[in-house]
Amino acid sequence: MKKVAKIIGMVVVVFLAGLIIWMLTNLKDRHPGYSADLKVTGTSPAGLKAGFAAVPITPEVPDRWVDKNDDAKYKPKDGDTFIDGNGNGKFDPVWIAGFSNSKPANGVHDDTWARTLIIDDGTTRLAIVIIDAIGFMHDDVVDVRKMIPAEAGITYTLIASTHTHESADLLGLWGKSPLKSGINPDYMMFVKNQIVKSVVEASESLRPARLEISQDLTGAIPLVKDTRKPEVFDSGLRMIKAVDKENDQVLGTVVAWGNHPETLWSRNLLISSDFPHFVRDGVENGVFNGESLMKPGVGGVCVYMNGALGGLMCTHPSLAVKDPFTGEEFKEGSFEKAAAEGKHLSMLALNAMEQPESIIDSANISLLVRTISLPIDNNLFKLATALGVMDRGTSGWMKMRSELSVFRIGPMSFVSIPGEIYPEIVNGGVDALPEGDLGIQAVEVPPIRGMMAGDFKFIIGLANDEIGYIIPKSQWDVKAPFAYGREKAQYGEGNSLGKETAPLLHRNIQEMLNELNGN
Numbered sequence: 010m011k012k013v014a015k016i017i018g019m020v021v022v023v024f025l026a027g028l029i030i031w032m033l034t035n036l037k038d039r040h041p042g043y044s045a046d047l048k049v050t051g052t053s054p055a056g057l058k059a060g061f062a063a064v065p066i067t068p069e070v071p072d073r074w075v076d077k078n079d080d081a082k083y084k085p086k087d088g089d090t091f092i093d094g095n096g097n098g099k100f101d102p103v104w105i106a107g108f109s110n111s112k113p114a115n116g117v118h119d120d121t122w123a124r125t126l127i128i129d130d131g132t133t134r135l136a137i138v139i140i141d142a143i144g145f146m147h148d149d150v151v152d153v154r155k156m157i158p159a160e161a162g163i164t165y166t167l168i169a170s171t172h173t174h175e176s177a178d179l180l181g182l183w184g185k186s187p188l189k190s191g192i193n194p195d196y197m198m199f200v201k202n203q204i205v206k207s208v209v210e211a212s213e214s215l216r217p218a219r220l221e222i223s224q225d226l227t228g229a230i231p232l233v234k235d236t237r238k239p240e241v242f243d244s245g246l247r248m249i250k251a252v253d254k255e256n257d258q259v260l261g262t263v264v265a266w267g268n269h270p271e272t273l274w275s276r277n278l279l280i281s282s283d284f285p286h287f288v289r290d291g292v293e294n295g296v297f298n299g300e301s302l303m304k305p306g307v308g309g310v311c312v313y314m315n316g317a318l319g320g321l322m323c324t325h326p327s328l329a330v331k332d333p334f335t336g337e338e339f340k341e342g343s344f345e346k347a348a349a350e351g352k353h354l355s356m357l358a359l360n361a362m363e364q365p366e367s368i369i370d371s372a373n374i375s376l377l378v379r380t381i382s383l384p385i386d387n388n389l390f391k392l393a394t395a396l397g398v399m400d401r402g403t404s405g406w407m408k409m410r411s412e413l414s415v416f417r418i419g420p421m422s423f424v425s426i427p428g429e430i431y432p433e434i435v436n437g438g439v440d441a442l443p444e445g446d447l448g449i450q451a452v453e454v455p456p457i458r459g460m461m462a463g464d465f466k467f468i469i470g471l472a473n474d475e476i477g478y479i480i481p482k483s484q485w486d487v488k489a490p491f492a493y494g495r496e497k498a499q500y501g502e503g504n505s506l507g508k509e510t511a512p513l514l515h516r517n518i519q520e521m522l523n524e525l526n527g528n
């Protein structure tokens, strides 16, 4: 009996040792010693070039499935069955990221993309890639940077996500169960290759260009709801139209706005870029009412860029959106609602672009990039990382490497944010809550936009990473009594690295903007 117990004990010890080694392997830094730190100081203005490209990253969805009880979750125990489209005898799910686990795609509604804008001032070549994804981890960003050929001549590559909640999982958090990654390694490699292709194609398409800059800071307010108090938005639309100086053809456009692309809501089972699809289509090809063209598009490649969308900015089912032409009202998530929203946004963008507030054909790029280390205080994130569900390494004990960048091009300034920042940190309005967990005054002041130079101030959300919600420290509120007289905590903290994240990012951004602006 003692011998059996000894054997069992040894087996347990070996198992635990193996488990610990496996978890430590998952925590291993994938890019030891990596730093993106960079400083480029523009001198005299020079002629600008711009290039655009759009490369699809749409996953193949070989199998379909029957949702027996219509709960948008694949559960064979509930009678759900799959249709073996590729005839390999097993279910090959494409897990949709954003709302819940065990939600496989049942087809494709519209393509998802890697869309790239490159701006070159003759000295610096800046590539901005926006992908239709829930997010893209910093480790994966570094992988892509290492894959971009030197011949492309890129000084700095920024990769951000639209944060669509209807795309294939690239973070690992929306697989079959909370303990199983939703990432398909082959698809992840495909996405990385397509991003590289997009950058290369954009670099090969560079043309002498003038940039026409416009904005509408109020028109889109009715299309977004702030579902967490205090009510602060990043509702302004900001646009760039790049026009070939030699033939006046539109090379491409940028439309920047802060909102969650989850208008289709939680029951949609089709791969989609959500409302950004309809925005880009409208800007490129025109806005239609049925078969009737209501507003001509401008052509080129439209890049949709997200902003300060944390806190939580969305076109919630409680918020009705009317078709701008028929007046039909949509509340519940649907493609009709997303299309109506896209029509509104593309009309606003096109109208603003007809009367640009600034036009430049020469400028210089000033750029500052800083690699940072962020503590992981969220126990669920720690577990997900250790178990390999969230596929990223650590750069120190329970710390993750991330990145910030700030840059200026003429009258435009940009700040990249590695996650979902609350708009009050960007635009002002951080609350000091007596009922909050800490009972402190606002830490993240002054607001980021107030520190940015120029007339056109772009925030690029989910840039070079997805670290989750970036919540003002004074608004951290997970313990009773809860702020605003609520009976339970507001949504957000469970998907945040921790309460120190926002102060750390704000402090670094303030330092970087001061340096960029020569203060």
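Every letter in the sequence shown is one number past the one before it in the numbering used here, and letter 31, counting from 1, is 40.
Glycine is no exception: its CB is placed at the ideal position from the N, C-alpha and C atoms.
All figures in this text were calculated on a predicted structure; none of them were measured in a lab.
Query: Closest by C-alpha distance to LYS304, when choosing among ASP141, GLY351, GLY438 and SER282; Result: GLY351
Query: Alpha-carbon to alpha-carbon, GLN258 and GLN484; Result: 48 angstroms
Query: ILE163 (DSSP reduced to helix, strand or coil); Result: coil
Query: MET461 vs SER404 beta-carbon contact at 7 angstroms; Result: no
Query: Distance, ASP178 Cα to ALA45 Cα; Result: 26 angstroms
Query: Residues of its chain near ARG39, where Cβ-Cβ distance is below 6 angstroms and the 5 sequence neighbours each way are ignored; Result: ASP148 and GLY402
Query: Nearest candidate by alpha-carbon position, reference VAL208, set VAL263, ILE137 and ILE29; Result: ILE137
Query: TYR313 - partner residues in DSSP beta bridges; Result: VAL264
Query: Cβ-based burial, ASP230 [other Cβ within 10 Å; buried from 16]; Result: The sequence shown places Ile at residue 230, rather than the Asp named in the question. Flag for ILE230 reads exposed.
Query: Alpha helix (DSSP H) segment containing SER207, residue limits; Result: 194-213
Query: Test item: CB-CB of ALA349 and GLY419 under 7 angstroms; Result: no
Query: DSSP-derived helix/strand/coil call for SER483; Result: helix
Query: Cutoff 7 angstroms; reference LEU180; Cβ partners in own chain excluding five residues on either side; Result: ALA106, ILE143, GLY144, MET146, MET399 and GLU475
Query: Three-state secondary structure assigned by DSSP to THR125; Result: strand
Query: Local conformation of ASP152 per DSSP, three classes; Result: helix
Query: Three-state secondary structure assigned by DSSP to ILE137; Result: strand
Query: DSSP-derived helix/strand/coil call for LYS254; Result: coil
Query: For GLU293, the three-state DSSP class (helix, strand or coil); Result: helix
Query: Residues bridged to ASP446 (per DSSP); Result: According to DSSP, which records beta bridges pairwise, ASP446 is partnered with nothing at all.
Query: Where the alpha helix (DSSP H) containing PHE390 begins and where it ends; Result: 388-395
Query: Expected contact under 8 angstroms - CB spacing of PHE112 and TRP183 to nearest Å; Result: As written in the sequence, residue 112 is Lys, which differs from the Phe given in the question. With 8 angstroms as the limit, LYS112 and TRP183 qualify as a contact, their Cβ atoms being about 7 angstroms apart.
Query: Whether GLY377 touches MET521 by CB criterion (7 angstroms); Result: Reading off the sequence shown, one finds Leu at residue 377, where the question assumed Gly. Yes, they are a contact pair.
Query: Closest Cα partner of LEU220 within the set LEU126, ASP290, GLU213 and PHE100; Result: LEU126
Query: ASP3 versus LYS12, VAL75 and ASP80, residue with shortest Cα-Cα distance; Result: This structure gives no information on residue 3, because the portion of the chain shown stretches from 10 to 528.
Query: Residue of SER214, ASN388 and VAL487 minimising C-alpha distance to PHE61; Result: SER214
Query: Distance, ALA472 Cα to VAL454 Cα; Result: 22 angstroms
Query: Which of helix, strand or coil DSSP assigns to HIS269; Result: strand
Query: Inter-residue Cα distance where the pair is SER355 and PHE287; Result: 8 angstroms
Query: Runs of beta strand (DSSP E) wholly within the segment 460-508 (minimum 3 residues, chain order); Result: 465-469
Query: Length of the line joining the Cα atoms of CYS323 and THR272; Result: 7 angstroms
Query: GLY405, DSSP secondary structure in three states; Result: strand
Query: Given ILE434 as reference, the closest of LEU413, PRO456, VAL424 and LEU447 once Cα atoms are compared; Result: PRO456
Query: GLU429 - DSSP class collapsed to helix/strand/coil; Result: strand
Query: Assigned secondary structure, ASN298 (DSSP; H/G/I helix, E/B strand, else coil); Result: strand
Query: Coarse secondary structure for GLU345, derived from DSSP in three states; Result: helix
Query: Straight-line Cα distance separating THR236 from GLY320; Result: 7 angstroms
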